[in-house]
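Protein chains in written order, with our numbering: chain A, 1 to 233; chain B, 1001 to 1233.
Glycine is no exception: its CB is placed at the ideal position from the N, C-alpha and C atoms.
To start, the structure itself, in structure tokens.
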DNA sequence: GTGACATATAAGTCTGACTTTTTATTCCCG
DNA sequence: CGGGAATAAAAAGTCAGACTTATATGTCAC
């Protein structure tokens, strides 16, 4: 996915990134560039580039005479798509999935409200199309097709919100939804109520009813939270 | 702020990062590593490290035989604190400030609701303390002291939400609030209504009233949106 | 114990040579 | 004249080695 093997330093990151985010090196662990270069059988320059990238993600800190120190989790750039992907791929997956779902529950309703005000006619049409696609694939175990339209739907909402920061979460939502379909329990067809809600959101946006679009999306995200047993009784 | 001059490559980034995020090099512009190295009077290895960092922020893409291509804005890692800082420092400041304020309006109410459920007694106490600090400095042009407690208040809420991704936005909120106090119009004392709301949020969290904490925080963020003339009539 | 000094260590930097990939051009054949 | 294969060129990528610099730590005098 995304950008595999874009150079030697990327190859190193593919191993080191997941290892660090998985907690294999506890916060405070000290690595040495030369040693890492030997381990990965790359030159020091390549290793340094990899370290620089990890540093820009605030996963590690490089200091003279000390080495490359692994930073505590609270320092990490948890919004970096690469970091998110690494964590979703590792043992921290469930926790990462919860964090992201809570984030969705905060963002998406507001995004939908904004979209109802700002969506272009084209985006409204796209939204309706996506919702219809979800309906058409909501039964008969057409999970992949359903997922495709679901992802597209949420992407359009986030983009139509007109907020670049919301739009940037499209990839994250895609990853969460894909995860739900592939990894987690999702043998049965999707919840018909959820499908209906998507259709209604598309209608609300088209009708420029911001409050309704927001409320309906809130119901969708509440469903997502319930699936993960988040939510107090 | 944060980490100034952490090596030569950092120095280069301090110039190149703001330049790119400010749009000085339009999307699609091609730079050459050697040329850049000469311009900044650093070795190619240092320049390469800088490029790697920019690449990890998705500001540029490096390809063989082509050079370093500046990516369109929609590709940028707009959640990267460094990118946020660069953009806040440049001509795009107003737009960035709006994006961030809308983001806050989505996140903070939900965070407050969660905090009402999950905050430790210590965090509740901290919150009350911050709110009282705001009250104590809400008149007499004690803007700096007020800001200090305001920032602390929002930080505690975000942290107490128990969601790492929310917690990570503490720095962003700090930057927005600081910006409002320093750069933008804020000659007069803070709005008494806003101060009261903060006190009430602290009370609601202490009382474990999630719905109330969320609603009150929503009112705070609506105020922030209005200050920037966001919000449809 | 405290403060100044010496030392060792690991990151940081620079240079130059070489490799690899990809694009553009040339050239030959149909 | 057109198209496709061979070729050349350009820029990033990689590597090795030598040197510099900051700094943690240990040592010694006081």
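Exercise. Nearest chain A C-beta to residue 1233 of chain B closer than 8 Å, yes or no?
Worked result: Unreliable placement is indicated for residue 1233 of chain B, whose pLDDT of 46 sits below 50; the coordinate value is still reported in the next sentence. No, residue 1233 of chain B lies away from the interface with chain A (no Cβ there is under 8 Å from its Cβ).
Exercise. Can you give the Cα-Cα distance for residue 205 of chain A and residue 217 of chain A, rounded to whole angstroms?
Worked result: Distance from the CA of residue 205 of chain A to the CA of residue 217 of chain A, rounded to the nearest whole angstrom, comes to 11 Å.
Exercise. Taking C-beta to C-beta, are residue 62 of chain A and residue 51 of chain A nearer than 8 Å?
Worked result: yes
For this session: Could you name the residues of chain A that residue 1229 of chain B contacts, counting a contact when the two beta carbons are closer than 8 Å?
Result: Near residue 1229 of chain B there are no residues of chain A at all, since even the closest Cβ is about 15 Å away, more than 8 Å.
Exercise. Do we get a CB-CB distance below 8 Å when we pair residue 80 of chain A with the residues of chain B?
Worked result: yes
For this session: Tell me whether residue 1120 of chain B is buried or exposed, calling it buried when 16 or more other Cβ atoms sit within 10 Å of its Cβ.
Result: Within a 10 Å sphere around the beta-carbon of residue 1120 of chain B sit fewer than 16 other beta-carbons, which makes this residue exposed.
Exercise. DSSP on residue 1020 of chain B, reduced to helix/strand/coil?
Worked result: Look at residue 1020 of chain B here: in three-state DSSP terms it is helix.
For this session: Could you tell me whether the segment 1064-1081 of chain B touches the segment 1145-1164 of chain B, where touching means 3 or more Cβ pairs closer than 8 Å?
Result: no
Exercise. Excluding sequence positions up to five away, which residues of its chain have a Cβ less than 8 Å from the Cβ of residue 1177 of chain B?
Worked result: 1147, 1150, 1151, 1154
Problem set entry | 8 Å contact criterion, which residue 12 of chain A and residue 1163 of chain B should meet: CB distance rounded | In this structure residue 12 of chain A is not in contact with residue 1163 of chain B, their Cβ atoms being roughly 31 Å apart against a cut-off of 8 Å.
Exercise. When we look at the beta-carbon of residue 39 of chain A and count the other beta-carbons within 10 Å, is it buried (16 or more) or exposed?
Worked result: So residue 39 of chain A ends up on the exposed side.
Exercise. Are the beta-carbon atoms of residue 1194 of chain B and residue 1116 of chain B separated by less than 8 Å?
Worked result: no
For this session: Below 7 Å CB to CB, which residues in the same chain sit around residue 1089 of chain B once its five sequence neighbours on both sides are set aside?
Result: Within the same chain, residue 1089 of chain B has close Cβ partners 1018.
Exercise. If you draw a straight line from the C-alpha of residue 1222 of chain B to the C-alpha of residue 1199 of chain B, how long is it?
Worked result: 17 Å
Exercise. Who are the neighbours of residue 49 of chain A on chain B, taking C-beta pairs under 7 Å?
Worked result: Against residue 49 of chain A, the close residues of chain B are 1048, 1049, 1052, in the order they occur along the chain (beta-carbon pairs closer than 7 Å).
For this session: Determine whether the Cβ of residue 168 of chain A lies closer than 8 Å to any Cβ atom of chain B.
Result: yes
Exercise. Taking DSSP as the reference, what is the three-state secondary structure of residue 217 of chain A?
Worked result: Helix at residue 217 of chain A.
Exercise. Helix, strand or coil for residue 46 of chain A per DSSP?
Worked result: In this structure, residue 46 of chain A counts as helix in the three-state DSSP scheme.
Exercise. What first and last residue would you give for the beta strand (DSSP E) that runs through residue 1061 of chain B?
Worked result: Per DSSP, residue 1061 of chain B is one residue of the beta strand (DSSP E) stretching across 1060-1063.
Exercise. For residue 168 of chain A versus residue 1078 of chain B, is the C-beta distance shorter than 8 Å?
Worked result: yes
Exercise. Is the distance from the Cβ of residue 1165 of chain B to the Cβ of residue 99 of chain A below 8 Å?
Worked result: yes
Problem set entry | Between the CA atoms of residue 86 of chain A and residue 1027 of chain B - distance to the nearest angstrom | 28 Å
Exercise. Checking contacts by CB at 8 Å: is residue 1012 of chain B closer than that to chain A?
Worked result: Not an interface residue.
Exercise. Based on Cα-Cα distance, which residue from B:1107, B:1048, B:1191, B:1143 lies nearest to residue 1170 of chain B?
Worked result: B:1107
For this session: Return yes when the Cβ of residue 181 of chain A is within less than 8 Å of the Cβ of residue 225 of chain A, no when it is not.
Result: no
Exercise. What in chain A is Cβ-close to residue 1110 of chain B, meaning under 7 Å?
Worked result: 105, 106
For this session: Tell me whether the beta-carbon of residue 1112 of chain B lies closer than 8 Å to the beta-carbon of residue 1037 of chain B.
Result: no
Exercise. Going by Cα to Cα distance, which pick from A:230, A:133, A:6, A:125 is closest to residue 190 of chain A?
Worked result: A:133
Exercise. Can you find a C-beta in chain A that's less than 8 Å from the C-beta of residue 1165 of chain B?
Worked result: Interface residue, yes.
Problem set entry | Selection from B:1064, B:1021, B:1138 that minimises the alpha carbon distance to residue 1093 of chain B | B:1021
Problem set entry | Minimum Cβ-Cβ distance from residue 156 of chain A to chain B less than 8 Å | Not one chain B Cβ lies under 8 Å of residue 156 of chain A.
For this session: Compile a chain-ordered list of the residues in the segment 1022-1045 of chain B whose CB is closer than 8 Å to at least one CB of chain A.
Result: Shown in chain order are the members of the segment 1022-1045 of chain B whose Cβ falls below 8 Å from a Cβ of chain A: 1045.
For this session: Check whether the Cβ of residue 219 of chain A sits closer than 7 Å to any heavy atom of the ligand ZN, and report yes or no.
Result: This structure simply doesn't include the ligand ZN, nor any ligand for that matter.
For this session: Classify residue 1064 of chain B as buried or exposed, calling it buried when 16 or more other Cβ atoms lie within 10 Å of its own Cβ.
Result: exposed
Problem set entry | Below-8 Å beta-carbon distance, residue 83 of chain A vs any chain B residue | no
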